[in-house]
Every structure is written in structure tokens, then in C-alpha cells.
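Undergrad: Top to bottom, those sequences are chains A and B.
Just so we're aligned, residue 1 is where the first sequence starts under the UniProt record's numbering, counting upward by one.
Just so we're aligned, residue 1 is where the second sequence starts under the UniProt record's numbering, counting upward by one.
Protein chains: 2
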Amino acid sequence: MSQQRHGSTPGEADGVPAFPDLPEATIARLPEYLRALHHLAETGAETVSSEGLAAAAGVNSAKLRKDLSHLGSYGTRGVGYDVALLVYQIEYILGLDKNRAVCLVGVGNLGHALAGYAGFASRGFRVVALFDADPKKVGEEINGLIVQHTDDLERIAAEESIAIGVIATPPGTAQAVADALIAAGVTSILNFAPGVLSVPPNVDVRKVDLAIELQILSFHEHRKASLTALPGGRAAAVAADAAPGKAAPGNAVPGNQEAVGS
Amino acid sequence: MSQQRHGSTPGEADGVPAFPDLPEATIARLPEYLRALHHLAETGAETVSSEGLAAAAGVNSAKLRKDLSHLGSYGTRGVGYDVALLVYQIEYILGLDKNRAVCLVGVGNLGHALAGYAGFASRGFRVVALFDADPKKVGEEINGLIVQHTDDLERIAAEESIAIGVIATPPGTAQAVADALIAAGVTSILNFAPGVLSVPPNVDVRKVDLAIELQILSFHEHRKASLTALPGGRAAAVAADAAPGKAAPGNAVPGNQEAVGS
Numbered sequence: 001m002s003q004q005r006h007g008s009t010p011g012e013a014d015g016v017p018a019f020p021d022l023p024e025a026t027i028a029r030l031p032e033y034l035r036a037l038h039h040l041a042e043t044g045a046e047t048v049s050s051e052g053l054a055a056a057a058g059v060n061s062a063k064l065r066k067d068l069s070h071l072g073s074y075g076t077r078g079v080g081y082d083v084a085l086l087v088y089q090i091e092y093i094l095g096l097d098k099n100r101a102v103c104l105v106g107v108g109n110l111g112h113a114l115a116g117y118a119g120f121a122s123r124g125f126r127v128v129a130l131f132d133a134d135p136k137k138v139g140e141e142i143n144g145l146i147v148q149h150t151d152d153l154e155r156i157a158a159e160e161s162i163a164i165g166v167i168a169t170p171p172g173t174a175q176a177v178a179d180a181l182i183a184a185g186v187t188s189i190l191n192f193a194p195g196v197l198s199v200p201p202n203v204d205v206r207k208v209d210l211a212i213e214l215q216i217l218s219f220h221e222h223r224k225a226s227l228t229a230l231p232g233g234r235a236a237a238v239a240a241d242a243a244p245g246k247a248a249p250g251n252a253v254p255g256n257q258e259a260v261g262s
Numbered sequence: 001m002s003q004q005r006h007g008s009t010p011g012e013a014d015g016v017p018a019f020p021d022l023p024e025a026t027i028a029r030l031p032e033y034l035r036a037l038h039h040l041a042e043t044g045a046e047t048v049s050s051e052g053l054a055a056a057a058g059v060n061s062a063k064l065r066k067d068l069s070h071l072g073s074y075g076t077r078g079v080g081y082d083v084a085l086l087v088y089q090i091e092y093i094l095g096l097d098k099n100r101a102v103c104l105v106g107v108g109n110l111g112h113a114l115a116g117y118a119g120f121a122s123r124g125f126r127v128v129a130l131f132d133a134d135p136k137k138v139g140e141e142i143n144g145l146i147v148q149h150t151d152d153l154e155r156i157a158a159e160e161s162i163a164i165g166v167i168a169t170p171p172g173t174a175q176a177v178a179d180a181l182i183a184a185g186v187t188s189i190l191n192f193a194p195g196v197l198s199v200p201p202n203v204d205v206r207k208v209d210l211a212i213e214l215q216i217l218s219f220h221e222h223r224k225a226s227l228t229a230l231p232g233g234r235a236a237a238v239a240a241d242a243a244p245g246k247a248a249p250g251n252a253v254p255g256n257q258e259a260v261g262s
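Given below as C-alpha cells:
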């Protein structure tokens, strides 16, 4: 999954950022912390240690403390973080109090899966419209919504003031769908269609490509195999062969720790 | 989507990394470059400029040059990168020459979408087994594969020497499925079930949570709205309110540039 990040850093006033420009990796972990915090709140917990929250969210506690420091949350020594306050801060930053309207374009198997995904409603989103270009699918009811024709996408997306458009169409039509969404005023797109969307600078695109996720895992399989199958010397030779010339160890690259999720 | 990264940095021999330990963000972009390079190769292109490849992959060219330098690919001034060589280098690093066996657990709507996803085969993976716990789904044929019962998952995954397991089950059963996959020798898991999997250090887990993707877009919607709706001063006050105490601008954090996809 990749993020096409456009637009510049928020303007500053008196040296204070207009909006905290969090590292993308931190933004991506905030929903994990929020999910863990909601579970803790349901159990009646009022505070949580950074270690406890980190374990529940599947990250290491040093990274969690650094992430939350971006929100101005440092917790209290010996007490930890106030669960309710942290939930409020994260939901505010993520803008989840807005209960944003989402439309879904393309109701094949993936579209059906997305339309039926219960997790959306519980996490601050309303799927308000479904679209498909296939006349056989138009009129079909999925989770109480009638599939509408993509010819009406631009008009309806504008009427429903859609905030986020989800594209689950074949690659060939994804750009046209994105153009229609953008023409309707949508400025955030979640794209499941392989390929790169061309969008104006004010539009954020996140992309989920299932094959790319597998290729990233394939890298780790290859890495692990090269380490277990070969003694260091041979493995070094293989790595050098794989990457002739300088094969810089990732950790020598500034910012790696931020880049490497964990 | 998040990466639970376990295991330590590869051992080194003579100061050479046993395997290039690339930044996670770089690894995630390599498949994009590969897809763009395959398109170029189909058009008969033998070389490509960093700007041309960057545009085709939807990243900026400085980031692309840095990413490829990790592979020891620097291109030739005035000529660019050799398409065939770069394809070979990226496919080698990603281990795509292995044509890895993938199994899919959970054939609901999402599972059906994944099982029917043509992109897998074309990008170095074979879906060789499908599993579900629902007796009504067992025996169903999807894309030429018969859905088998999860009771047989561990045995079959071992027999088929599955490299990567894809979990598309409800959250409640994801951990049990992961345990069975790991018991069968699977060391890479792609998890679509919300929540955190507990896995041993040698197992890599990548996670795709659709609601999390939307929450990340919600952050950008919120950020954009706060910038357009409010003059700098007011916006700064809002940001300060959202994050009492220090609201560190992300770009002050080392490594942000790596963390922020683009």
C-alpha cells in the first residue's frame, strides 16, 4: 500500500504548525492505538501504560511513546496514559468525529466485501452510495443500499457531499472514476485498482494493491531464506551479486527507523 | 496497513550486509517500480530516465534514485536505467523468481475477491489452496480450486510447502488460523482480519485493515479542512487544542521524509 502525498507542509503561525504534520508512519499507527484504546475502555480501564498499549497495538513501546509525543501526549510517570483523553486526542486528529460519508465504486467481489464490511460504521464512516458500470448490477441492494450507475456518480457524490471515494473497479476504469469523484469535490481516494492515479495536488490517494503486499512479504521470505541457507560470507556474496556496487544497509539511511513499521 | 517486523538486522561479513536491509518504505515501492518497468519493457523501451520511471510509478524522482541506490543501481547519466537489468535486480531482491505458493483462509466476499484476483499469478505467486471453516463452503470450486476445511489447513499447508498465508477470516478466528499456518512452517502472513496477531520472531506479518486506510484518509481530510477553513492563527490554536503541550511539526522528526510516502 502506498500513499500519494500531495500538498505542502501546513503554514505556520508564530512557529506553531497550523496542523500537526505527523510522520506518515505515525498517522498509520494512530488507528491501531485507537482500536486498542477502545478495547481497554470497554474493559473499564481508565489509564494504560505505554508498554500495555504498545503490546495491545502490536508496536514497541518506544515507538508508541514517540508517536504519541507528536500529539502532545506524554502520559504520567507511574500512571501511564489517560485512556479517555487519548481516545479524544486521536479521534480529533483523525477527524473521526465527522462521521464521513464514503462512496464505493465497483461492486464485484471486492466491492461486495467492502460494502458489507461492518468495521466502517463502527469506526467513523458511513457508506452512503454504491456505484457500478454494469447494468446487471445497477439496482441490486447490498446492505440496504441500491447500486447506482457510474453515469450518476459525479452528480450523486456531490449531492451526498462524499468525503472519501473507494475505487474497487478494474484498472482500466479507475482513472475515469477518480476524475468523476474529483469533479464531484472528493479529495480523498482509497484505490484498490492496480496502477497509479493522476490526481490534482489537493487530492490524497491511498492505494491497496494485494499483489504488492505479497511481493513485500516475498522480500522478507527471500531475506530470511538467504540468511538461514547461507553462512554470512556466502550470503554477503549473494547480496553483493543481487545489488552490484554499494548495497547500503538500510539502517545507515537516515529516517529508517521511522520508515520501518514495527 | 502495518508491518509487524520481527528478527534482527542481517548479520554482516566484512562489513557487507548479508542481505540488503532496505527501508520498509523502499521495499514497499519496489513493486511499483517493477510494475512500471514491465509496462516499459512491453513498449520496447530498453532504458528509462529516473524522471520517466518515477512518473510511471507515482513517486518523485529523488526518492526513486535513493531507493534504487540501495540496490546498487545508479543509472547512467544522460541514458538512465537499463530496464532489463533493473527488472532483474528488483525481481531478485523481491525473490519473485521463486513463484511462491500462497494459501488463502476464509472465502467470504473478500476471500472470493482475493482468490479470483488475476494479479497474483502475473506477479510471481500461485494460489494453491483455499480453506474455510464453514461446511457449506467446503467443496465449493473457486477458480479451479476446491475449498478445503480449515481442520486440514496445517497438514495441507505443510504438504504444499506454502510460503505465504493470506488470512481473510473474521477477527475471532485469525489467531488460530495464524497458529496453524505457523505450525505448518509458514513464515509470512498477510492478514486482512482487524486486530494484532501474536507470532514468533521469525514470522513476518503484513496487515491490511480497510477501516484503518479510511482513517488515514480521514486524517488528511481533517488536515486539509483545518488549513482551508481557518487562518493560520486560528488553525494553530485548534492544533494546540487538539494536541495540548508540544505539537511537534512532523518534519522536525528525523526520518520523516522516509516515513512520508509520496
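Ideal placement from N, C-alpha and C gives every residue a C-beta, glycine not left out.
It should be emphasised that the depicted structure is a prediction, and the values quoted were computed from it without experimental measurement.
1) Counting pairs of beta carbons, one from the region 217-228 of chain A and one from the region 195-203 of chain A, are three or more of them closer than 8 angstroms?
2) So who's on the other strand from V59 of chain B, going by DSSP bridges?
3) Taking S188 of chain B as the query, report the chain A residues whose CB atoms sit under 7 angstroms from its CB, ordered along the chain.
4) Report the rounded CA-to-CA distance for R126 of chain B versus L94 of chain A, giving the unit in angstroms.
5) Between which two residues does the beta strand (DSSP E) holding N191 of chain B run?
6) Which residue's Cα is closest to the Cα of G144 of chain B: B:A133, B:H70 and B:A129?
7) The beta strand (DSSP E) spanning D132 of chain B covers which residue range?
8) So with CB distances below 7 angstroms, who are the chain A contacts of D204 of chain B?
9) Out of A:G172, A:E160, A:D21 and A:Q148, which has the shortest C-alpha to C-alpha gap to H70 of chain A?
10) At least one CB of chain B closer than 8 angstroms to the CB of E51 of chain A: is that the case?
11) Taking contact to mean at least 3 C-beta pairs separated by less than 8 angstroms, is the region 47-66 of chain A in contact with the region 79-90 of chain A?
12) Could you give the residue range of the beta strand (DSSP E) that holds V205 of chain B?
13) Under 8 angstroms Cβ-Cβ, which residues of chain B neighbour P31 of chain A?
14) Quick one, which of A:S188, A:A211 and A:V196 has its alpha-carbon nearest E213 of chain B's?
15) If you compare alpha carbons, which of B:R123, B:G116, B:L153 and B:H220 is closest to V177 of chain B?
16) What whole-angstrom Cβ distance do A168 of chain A and G75 of chain A have, given they're in contact under 8 angstroms?
17) Can you tell which of B:L181, B:G139, B:A193 and B:T150 has its C-alpha closest to the C-alpha of A158 of chain B?
18) Just to confirm, are I27 of chain B and I27 of chain A a CB contact at a threshold of 8 angstroms?
19) Restricting to runs no shorter than 3 residues, where is the beta strand (DSSP E) found entirely within the region 23-86 of chain B?
20) Could you give the first and the last residue of the continuous beta strand (DSSP E) run that contains G165 of chain B?
21) How should R155 of chain A be labelled, buried or exposed, when 16 other C-beta atoms within 10 angstroms of its C-beta is the threshold for buried?
22) For A184 of chain A, name the three-state secondary structure that DSSP assigns.
23) Quick check: is the beta carbon of Y117 of chain B nearer than 8 angstroms to any beta carbon in chain A?
24) With a CB to CB cut of under 6 angstroms and the five nearest residues on each side skipped, what residues in its chain are close to D209 of chain B?
25) Check whether the Cβ of A183 of chain A lies closer than 8 angstroms to any Cβ atom in chain B.
26) What does N109 of chain B touch in chain D if you count any residue whose Cβ is under 8 angstroms from its own?
27) Looking only at its own chain, which residues have a Cβ that is under 8 angstroms from the Cβ of L146 of chain A, when we skip the five neighbours before and after it?
28) Within 10 angstroms of the Cβ of S161 of chain B, are there 16 or more other Cβ atoms? Answer buried if so, exposed if not.
29) Please report whether the beta-carbon of R65 of chain A lies at a distance below 8 angstroms from any beta-carbon of chain B.
30) So, using beta-carbon positions, are V102 of chain B and V166 of chain B closer together than 8 angstroms?
31) Spell out the partners DSSP gives E141 of chain A in its beta bridges.
32) If you draw a straight line from the C-alpha of G232 of chain B to the C-alpha of D134 of chain B, how long is it?
33) Measure from the alpha carbon of G72 of chain A to the alpha carbon of each residue in A:Y92, A:R123 and A:A163, then state which is nearest.
34) Give the interface partners of A133 of chain B over in chain A, defined as CB-CB distance under 9 angstroms, in chain order.
35) Using a beta-carbon distance below 8 angstroms, is L104 of chain A in contact with chain B?
36) Taking a contact to mean a Cβ-Cβ separation below 8 angstroms, would you say A115 of chain B touches I90 of chain B in this structure?
TA: Here's the rundown:
1) Counting C-beta pairs closer than 8 angstroms gives fewer than three between the region 217-228 of chain A and the region 195-203 of chain A, which falls short of the contact rule.
2) Reading the second sequence from its first residue, position 59 is the one you call residue 59 of chain B. Per DSSP, none; premise fails for V59 of chain B.
3) Against the second sequence, residue 188 of chain B aligns to sequence position 188. Simply L217, H220 and E221.
4) Along the second sequence, read from residue 1 onward, the residue named residue 126 of chain B stands at position 126. Along the first sequence, read from residue 1 onward, the residue named residue 94 of chain A stands at position 94. Rounded to whole angstroms, R126 of chain B to L94 of chain A spans 38 angstroms at the Cα level.
5) Here residue 191 of chain B corresponds to residue number 191 of the second sequence, with the count starting at 1. Start and end: S188 to N191.
6) By one-based count along the second sequence, residue 144 of chain B stands at place 144. The shortest CA-to-CA distance from G144 of chain B to any of B:A133, B:H70 and B:A129 is the one to B:A129.
7) On the second sequence, residue 132 of chain B is found 132 positions in, with the first residue counted as 1. Taken as a continuous stretch (DSSP letters only), the beta strand (DSSP E) holding D132 of chain B covers F125 to D132.
8) Mapped onto the second sequence, residue 204 of chain B falls at position 204. Neighbours of D204 of chain B on chain A, chain order: L217 and H220.
9) Residue 70 of chain A sits at position 70 when you count from the first residue of the first sequence. Considering only alpha carbons, the answer is A:D21.
10) Here residue 51 of chain A refers to the residue found at position 51 when the first sequence is read from its first residue. No, E51 of chain A lies away from the interface with chain B (no Cβ there is under 8 angstroms from its Cβ).
11) yes
12) Residue 205 of chain B sits at position 205 when you count from the first residue of the second sequence. For V205 of chain B, the uninterrupted beta strand (DSSP E) segment begins and ends at D204 to K207.
13) Position 31 of the first sequence holds residue 31 of chain A. For a Cβ distance threshold of 8 angstroms, residue set D209, A211, I212, Q215 and I216 of chain B lies close to P31 of chain A, ordered along the chain.
14) Start at 1 with the first residue of the second sequence, and residue 213 of chain B comes out as number 213. Ranking A:S188, A:A211 and A:V196 by Cα distance to E213 of chain B puts A:S188 first.
15) Translated into the one-based positions of the second sequence, residue 177 of chain B becomes position 177. The shortest C-alpha separation from V177 of chain B is found at B:L153.
16) Numbered from its first residue, the first sequence carries residue 168 of chain A at position 168. Numbered from its first residue, the first sequence carries residue 75 of chain A at position 75. Contact doesn't hold; Cβ gap of about 40 angstroms is too wide.
17) What you label residue 158 of chain B is simply residue 158 of the second sequence in a count that begins at 1. Looking at the Cα atoms, B:L181 is the closest of the given residues.
18) Locating residue 27 of chain B in the second sequence gives position 27, counting from the first residue. Locating residue 27 of chain A in the first sequence gives position 27, counting from the first residue. In this structure, I27 of chain A does not lie closer than 8 angstroms to I27 of chain B by Cβ.
19) Within the region 23-86 of chain B, no beta strand (DSSP E) run of at least 3 residues lies entirely inside it.
20) Within the second sequence, the letter at position 165 stands for residue 165 of chain B. Element bounds for G165 of chain B: I164 to I167.
21) Within the first sequence, numbered from 1, the residue matching residue 155 of chain A stands at position 155. Flag for R155 of chain A reads exposed.
22) As a working mapping, residue 184 of chain A is identified with position 184 in the first sequence. Of the three classes helix, strand and coil, the one that applies to A184 of chain A here is coil, per DSSP.
23) As a first step, residue 117 of chain B must be located in the second sequence, where it is residue number 117. At least one chain A Cβ lies under 8 angstroms of Y117 of chain B.
24) Taking the first residue of the second sequence as 1, we reach residue 209 of chain B at position 209. Excluding residues within five positions, the ones whose Cβ falls inside 6 angstroms are P194.
25) If you number the first sequence from 1, residue 183 of chain A lands on position 183. So no, A183 of chain A is outside the interface.
26) Annotation note: the requested chain D is absent from the structure, which comprises protein chains A and B.
27) In the first sequence, the residue the question calls residue 146 of chain A occupies position 146. Looking at the sequence provided, one finds Ile at residue 146 of chain A rather than Leu. If we look at I146 of chain A and ignore the five residues flanking it on each side, its Cβ neighbours are L130, G139 and E140.
28) Taking the first residue of the second sequence as 1, we reach residue 161 of chain B at position 161. When all chains shown are included, S161 of chain B counts as exposed.
29) Indexing the first sequence from 1 puts residue 65 of chain A at position 65. Chain B contact via Cβ: absent.
30) As a working note, residue 102 of chain B is residue 102 in the second sequence. As a working note, residue 166 of chain B is residue 166 in the second sequence. Yes.
31) Position 141 of the first sequence holds residue 141 of chain A. In the DSSP output, where bridge partners are listed per residue, E141 of chain A has A:I146.
32) Start at 1 with the first residue of the second sequence, and residue 232 of chain B comes out as number 232. Start at 1 with the first residue of the second sequence, and residue 134 of chain B comes out as number 134. Because the pLDDT at G232 of chain B is just 46, under 50, the model does not fix this residue reliably, and the point stays unresolved.
33) As a position in the first sequence, residue 72 of chain A is number 72, starting the count at 1. Nearest C-alpha to G72 of chain A: A:Y92.
34) As a working mapping, residue 133 of chain B is identified with position 133 in the second sequence. Within chain A, no residue comes near A133 of chain B; the closest Cβ sits about 17 angstroms away, beyond 9 angstroms.
35) Sequence index remark: in the first sequence, residue 104 of chain A carries index 104 (1-based). No - not a single Cβ of chain B is within 8 angstroms of the one on L104 of chain A.
36) The residue given as residue 115 of chain B occupies position 115 in the second sequence. The residue given as residue 90 of chain B occupies position 90 in the second sequence. The answer is no: Cβ separation not under 8 angstroms.
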